[in-house]
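Undergrad: In this note's numbering, the protein residues as written are -10 to 49. Every residue, glycine too, gets a C-beta built ideally from N, C-alpha and C. Please find one structure pasted underneath; my questions will follow.
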Ligand SMILES: [Zn+2]
């Protein structure tokens, strides 16, 4: 079950192949359909902001 956890595209969550492309910024698999798209950039940003929330105070 956990085998497949990181074997899906982080943008559209479609299953991806073992040797699929990865986004180097966040080191997660991305499928051919999403690679290089605005959706990918947005998903990266969302994930990075989500991670940042875990480390810093959210006061603005
Ligand atoms: Zn995808």
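Hey, how far is the Cα of residue -3 from the Cα of residue 6?
TA: Your numbering for residue -3 matches position 8 in the chain shown. Your numbering for residue 6 matches position 17 in the chain shown. In a straight line, the C-alpha of residue -3 is about 8 Å away from that of residue 6.
Undergrad: Using the three-state DSSP reduction, which class does residue 32 fall into: helix, strand or coil?
TA: Here residue 32 corresponds to residue number 43 of the chain shown, with the count starting at 1. Of the three classes helix, strand and coil, the one that applies to residue 32 here is helix, per DSSP.
Undergrad: Determine the direct distance from the alpha carbon of residue 18 to that of residue -7, and round the result to whole angstroms.
TA: Within the chain shown, the letter at position 4 stands for residue -7. Within the chain shown, the letter at position 29 stands for residue 18. Note that residue -7 scores 46 on pLDDT, short of 50, meaning its location in the model is unreliable; the coordinates nonetheless yield the value given after this. Using only the alpha carbons, I get a separation of about 11 Å.
Undergrad: Assuming residue 23 contacts residue 14 (C-beta within less than 8 Å), just tell me the rounded distance between them.
TA: Walking along the chain shown from the start, residue 23 turns up at place 34. Walking along the chain shown from the start, residue 14 turns up at place 25. Between residue 14 and residue 23 the Cβ distance is about 14 Å, and since that is not below 8 Å, they are no contact.
Undergrad: For residue 0, which residues from the same chain have a beta carbon less than 7 Å from its beta carbon, with the 5 sequence-adjacent residues on both sides left out?
TA: Residue numbering aside, residue 0 sits at position 11 when the chain shown is read from its first letter. Closer than 7 Å at Cβ, skipping near neighbours: 19, 23, 28, 29 and 32.
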